[in-house]
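In the working numbering, the protein residues as written are 1197 to 1354.
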């Protein structure tokens, strides 16, 4: 018994494999877009089977731009703080996950918020109400394929 794997018509295995315990294809080496996989297996009596299917490789991180904090640009204690961001995912499809981790200036984590956002030039990511003080915000944006980008910002609430 053996099996072979091809990706876009190119052998992905140097020689026939005898135990198909699982196959992993590192898509980071593929160009973004659609690719054709083909597997061929042969059992001990010599019966051969072939299966082909298409997979989509998304290896491109989304783009993230923090446009502003709140619309009035003034952050006051007791007021809800919102980041206005631009989120672009040229290869992926669907919504992105924006995760904001808010810490004090000394590093103590205050909150963590996650929100699904559609790609677009102006998207709101709410951070919630913050007490007076200095904060660090780490905003990570991930697409459905797991490609992530993160930015850090400092906030002062008065």
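Each residue gets a CB set at the ideal place from its N, CA and C atoms; glycine is no exception.
Fewer than three Cβ pairs drawn from the stretch 1241-1249 and the stretch 1281-1295 lie within less than 8 Å of each other, which leaves the two stretches out of contact. By the C-beta density criterion, residue 1318 is exposed, having fewer than 16 other C-beta atoms within 10 angstroms.
The Cβ neighbour count for residue 1348, taken over all protein chains shown within 10 Å, is under 16; the residue is labelled exposed. Considering only 1338, 1354 and 1265, the residue with the shortest C-alpha distance to residue 1312 is 1338. Residue environment: residue 1240 is assigned as exposed (fewer than 16 neighbouring CB atoms within 10 Å of its CB, all protein chains considered). Non-local beta-carbon contacts of residue 1335 in its own chain, meaning distances under 6 Å to residues more than five positions away in sequence, involve 1296 and 1347 in chain order.
Proximity to residue 1293 across 1302, 1258 and 1262 peaks at 1258, based on C-alpha coordinates.
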